[in-house]
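Q: For the record, the sequence lines run as chains A and B.
Okay, so the first sequence: first residue is 1 according to my numbering, each after it adds one.
Okay, so the second sequence: first residue is 382 according to my numbering, each after it adds one.
We treat Cβ as the ideally placed atom computed from N, Cα and C, and that holds for glycine.
Got a structure for you, written out below as structure tokens; questions coming shortly.
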Amino acid sequence: MNVTSINARLMQGNQACAEGAIYAGARFYAGYPITPSTEIAEVLAERLPQVGGKFIQMEDEIASMAAIVGASLTGAKSMTATSGPGFSLKQENLGYAVLSEVPCVVVDVQRLGPSTGGPTAPSQGDIMQARWGTHGDHPIIAISPSSVQECFELTVKAFNLSERFRIPVLMMLDEVIGHMRERIIIPAPGELEIVDRKKPKVAPSQYVPYEPQDDSLVPPMANFGEGYRYHVTGLLHDDTGFPSNSPAVMGEHQDRLHEKIRRGLHEIIMVEEVQTEDADVLLVAFGCMARSAARAVKEARAKGQKVGMLRLITIWPFPEEALRQLAEKVKAIIVPEMNLGQVVDVVKSAVEGKVPVYGICQADGEIIPPERILEKIEEVL
Amino acid sequence: MRDSWEIRLGGSGGQGLITGGIILAEAAILEGKQAVQSQSYGPESRGGSSKAEVIISKENIDYMKVRAADLLLVMSPEAAKKYVDDVKEEGIIILDSTYVKDCEPKKGKVYKVDISRIARQDVGREVVANIVALGVIVGLTGVVSQEALEKAILARVPKGTEEMNKKALAAGFQAIKSVVNAA
């Protein structure tokens, strides 16, 4: 038996997500359990106290989101997990975290909606909510894992990005990925990079909390309780953190929030290309649907059809550039997704009519099987 | 042994089929293979219909759901009705004849084993019917080794129940041997 198979074990996606959080340094979780995300809370209720962290079951999702923002301000890497109905409730304080630039990770294990919908039925229906669920022109980062291994590793990445860019990062699992169990190799300590937020180098009296110190435009962040007193608000504000009604100040604040993400795109955008080199038909898929699409690619290739896949790992900001480059080469794009057409429209807008784009859209609580993708490939070829 | 197995376990909530699927997948991983286990169930934990799926392969597994099964185990009449047609032509169907009666699948090789009765009467508790079933599956197919299966079972079952589970496993191996020999 080699080293790999000793470390290999069977693990559920939700559990891998929770273990990834611990590995990333998360030491605070506040949440309100909801199917199909509950195992994340269960695992962290047990694991966080073992590593000196805190777990709180809150009265609801609104308070959970508020609690992780508060905990993060004290320096603790913080997370909450939920599903659609709870994700709706978190939106207000999610916006607060974006504007006040508080790092945190929010996991949404998507189930069939709208409303309480189908609690045990898988879906990818919260993709647009992830982008625009909270109001106003805000940036956001959303990531979609396709395997149990990725549930672990991308949760680490989510914390890293949230710390690096001082922004909430959304882990968009789906019920299939959250609940399935598969082989995972837990990375050894130190094997994956861990990023911590930049702290101020100046004395408390010199600290200007929202003044960027370098080209990243991400200001250093002091921990509450360490003598750095500053004002945190959901109002647009100047570098001191105090609100302003000045169009110049408000506009500048808005611009910086977006610009810090734009400057970091090369670190944020993650995609995987599968057999795209000579592809005539490109599948664009994410989450559990990428697994179905991967099989469709394999079976189509076995029939001699030139099919490839662009797997979106980062969904927001949308990987437009990678898609545009592929759109130059392929004859058609197919987007299979378990909703009634959320990503397909973004794909259409990104390729600007250069190639026809077809959706396979389904919201009935079933994963779209490879057969349906293969049928569509036949149709468009 | 073939390179890849798509296995579906169907029955009622409470029969331990999801646990059974997990144990099978863990046994495969102990042997250095790839395994994916997924499930679907109603909101209730007992009495509703329950389905566990396991794919075991020497290669990486992309699609995680079972399409046409190489092996189907059904332990309730509802599950039998729902799943017997989604089996490969040369697939294997194991019916728990304690509960599944009057089921004559149109395809696949069918084995009728009195799984739940064996668990209840020969082992002593029906709660270990899933372990008897694993013995039947592995005794028949060798999808994982008997050693890996036993190791995975003992790692998963509650402390203090090891002997009963070993007895259940042996009963499963024995039961399928008798059925095969009688055929």
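Using a Cβ-Cβ distance cut-off of 7 angstroms, determine whether P370 (chain A) contacts chain B.
A: Chain B contact via Cβ: present.
Q: Going by beta carbon distance, what residues of the same chain come within less than 6 angstroms of V232 (chain A), once the five residues before and after it are set aside?
A: Contacts found: S100.
Q: S115 (chain A) CB to nearest chain B CB: under 7 angstroms?
A: S115 (chain A) does not count as touching chain B.
Q: In or out: H135 (chain A) buried (at least 16 other Cβ within 10 Å) or exposed?
A: H135 (chain A) is exposed by the Cβ-count criterion.
Q: Is the stretch 397-411 of chain B close to the stretch 10-18 of chain A, with three or more CB pairs under 8 angstroms?
A: Because the criterion of three Cβ pairs below 8 angstroms is met, the stretch 397-411 of chain B and the stretch 10-18 of chain A touch.
Q: What is the DSSP secondary structure of R448 (chain B), counted as helix, strand or coil?
A: Three-state result, R448 (chain B): coil.
Q: Please report the residue range of the alpha helix (DSSP H) in which P370 (chain A) lies.
A: It spans P370 to V380 - the alpha helix (DSSP H) in which P370 (chain A) sits, taken as one unbroken run.
Q: Could you tell me whether the stretch 136-145 of chain A touches the stretch 186-199 of chain A, where touching means 3 or more Cβ pairs closer than 8 angstroms?
A: Not touching, per the Cβ criterion.
Q: Give the list of continuous beta strand (DSSP E) stretches no shorter than 3 residues that lie fully inside the stretch 123-198 of chain A.
A: Fully enclosed beta strand (DSSP E) runs of 3 or longer: 141-143, 168-174 and 181-185.
Q: For A406 (chain B), name the three-state secondary structure that DSSP assigns.
A: Of the three classes helix, strand and coil, the one that applies to A406 (chain B) here is helix, per DSSP.
Q: G365 (chain A): which of A:A18, A:L112, A:M58 and A:S78 sits nearest, CA to CA?
A: The residue with the shortest Cα to Cα distance from G365 (chain A) is A:L112.
Q: Could you tell me which residues DSSP puts in a beta bridge with C361 (chain A)?
A: In DSSP, C361 (chain A) forms a bridge with A:E337.
Q: Give the secondary structure of V3 (chain A) by DSSP, where H, G and I count as helix, E and B as strand, and everything else as coil.
A: The predicted model places V3 (chain A) with a pLDDT of 43, which falls under 50 and marks its position as unreliable, so this point remains unresolved.
Q: I'd like the span of the beta strand (DSSP E) that includes K414 (chain B), first residue to last.
A: No beta strand (DSSP E) contains K414 (chain B), which DSSP labels as neither H nor E.
Q: Can you tell me whether A16 (chain A) is helix, strand or coil according to DSSP?
A: The answer is helix: DSSP assigns A16 (chain A) an H, G or I state.
Q: Under three-state DSSP, which class holds V102 (chain A)?
A: Looking at V102 (chain A) - three-state DSSP - the assignment turns out to be coil, as it is neither helix nor strand.
Q: Check whether the Cβ of S419 (chain B) lies closer than 7 angstroms to any Cβ atom in chain A.
A: Yes, S419 (chain B) counts as interfacial toward chain A.
Q: Could you confirm whether any beta carbon from chain B is found closer than 7 angstroms to the beta carbon of S292 (chain A)?
A: Answer yes: the Cβ-Cβ gap between S292 (chain A) and chain B drops below 7 angstroms somewhere.
Q: Using a Cβ cut-off of 7 angstroms (strictly closer), state whether L10 (chain A) contacts chain B.
A: For L10 (chain A), the answer is yes, since a Cβ of chain B falls inside 7 angstroms of its Cβ.
Q: Which same chain residues end up closer than 8 angstroms to V3 (chain A) when comparing Cβ atoms and leaving out the 5 residues on each side of it in sequence?
A: Low local confidence applies: a pLDDT of 43 at V3 (chain A) is under 50, so the model's placement there is unreliable, with the coordinate-based value given in what follows. Around V3 (chain A): no qualifying Cβ.
Q: Identify the continuous alpha helix (DSSP H) that holds D345 (chain A) and give its terminal residues.
A: That run of the alpha helix (DSSP H) goes V343 to V351.
Q: Using DSSP with H/G/I as helix, E/B as strand and the rest coil, what is G308 (chain A)?
A: If DSSP states are grouped into helix, strand and coil, G308 (chain A) belongs with the strands.
Q: Based on DSSP bridge pairs, tell me the residues matched to D108 (chain A).
A: Answer is A:T82 and A:M172, bridged to D108 (chain A).
Q: Give me the chain A residues within the contact set of Q396 (chain B), using Cβ-Cβ distance strictly less than 7 angstroms, ordered along the chain.
A: Simply none; closest approach about 18 angstroms.
Q: Give the straight-line distance between the Cα atoms of S385 (chain B) and E470 (chain B), rounded to the nearest whole angstrom.
A: Their Cα atoms are separated by approximately 16 angstroms.
Q: Ordered along the chain, which non-local residues of its own chain (more than five positions away) have a Cβ less than 7 angstroms from that of M1 (chain A)?
A: The predicted position of M1 (chain A) is uncertain, since its pLDDT is 40 and thus under 50; no value can be drawn from it.
Q: Mapping DSSP to helix, strand and coil, what is K260 (chain A)?
A: Three-state DSSP puts K260 (chain A) in a helix.
Q: From M456 (chain B) to V508 (chain B), what does the alpha carbon distance come to, in whole angstroms?
A: Taking the straight line from one Cα to the other gives about 13 angstroms.
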